[in-house]
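Notes to accompany the following structure.
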Amino acid sequence: MSIDNRRAPRFRDFARARLDELCHMSGYLEDLSLHGCRVRFPHSFEIDTDQEYTLSILPTLRSGLREFSLRVQPQWTEASTDSIEIGFCVLPSPGIQLYGRYVELLSRLEVEQLQEA
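Every number in the working numbering is 3 more than the matching position in the sequence shown, counting from 1.
Shown next, in the form of structure tokens:
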């Protein structure tokens, strides 16, 4: 999706992410917005874009947030020989409030960094 067509700004972070239903190794959260996130996993695997999955996010220590889980649905995938990047849409789920706080925190940190520059 073109950056110009996105519904909400995206924020970068390097948190760990787990998709236990499909992958035994943690991936890394590359960026996120209120509506979705992009995760890179260290090896390629098959994923059904019509299914919903549970994505566990382990925020970085600077966030002060504990691990939380979200229901997500893959919107797109980009696989290479040794990794896969997946764009997820975040669905209503119990972890959505913590996810919203996480996005808000990253937004504030980005503003602070811009003001310091």
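Cβ coordinates follow ideal geometry from the N, Cα and C atoms, glycine included.
The structure presented is a predicted model; accordingly, all values stated were derived computationally and were not measured.
Cβ pair residue i, residue j closer than 8 Å
{"i": "Arg41", "j": "Asp34", "result": "yes"}
{"i": "Thr57", "j": "Arg43", "result": "no"}
{"i": "Phe91", "j": "Gly39", "result": "yes"}
{"i": "Asp16", "j": "Leu109", "result": "yes"}
Identity of the residues DSSP links to residue i by a beta bridge
{"i": "Tyr56", "result": "Val75"}
{"i": "Asp34", "result": "Arg15, Arg41"}
Coarse secondary structure for residue i, derived from DSSP in three states
{"i": "Glu70", "result": "coil"}
{"i": "Glu81", "result": "strand"}
Residue environment, residue i, which counts as buried when at least 16 other CB atoms sit within 10 Å
{"i": "Arg3", "result": "For the chain, the structure presents residues 4 to 120; residue 3 sits outside this window and is missing."}
{"i": "Thr111", "result": "Per the sequence presented here, residue 111 reads as Arg, with Thr not at that position. Arg111 should be labelled exposed."}
{"i": "Gly67", "result": "exposed"}
{"i": "Pro95", "result": "exposed"}
{"i": "Pro77", "result": "buried"}
Sequence-distant residues of the same chain with beta carbon closer than 8 Å to residue i, five excluded per side
{"i": "Thr84", "result": "Ser47"}
{"i": "Ile87", "result": "Arg43, Phe44, His46, Ser47, Phe48, Ile50, Thr80, Glu81"}
Cβ-based neighbour list, residue i, same chain, cut-off 6 Å, excluding 5 preceding and 5 following
{"i": "Gly30", "result": "Ala20, Val42, Arg43, Phe44"}
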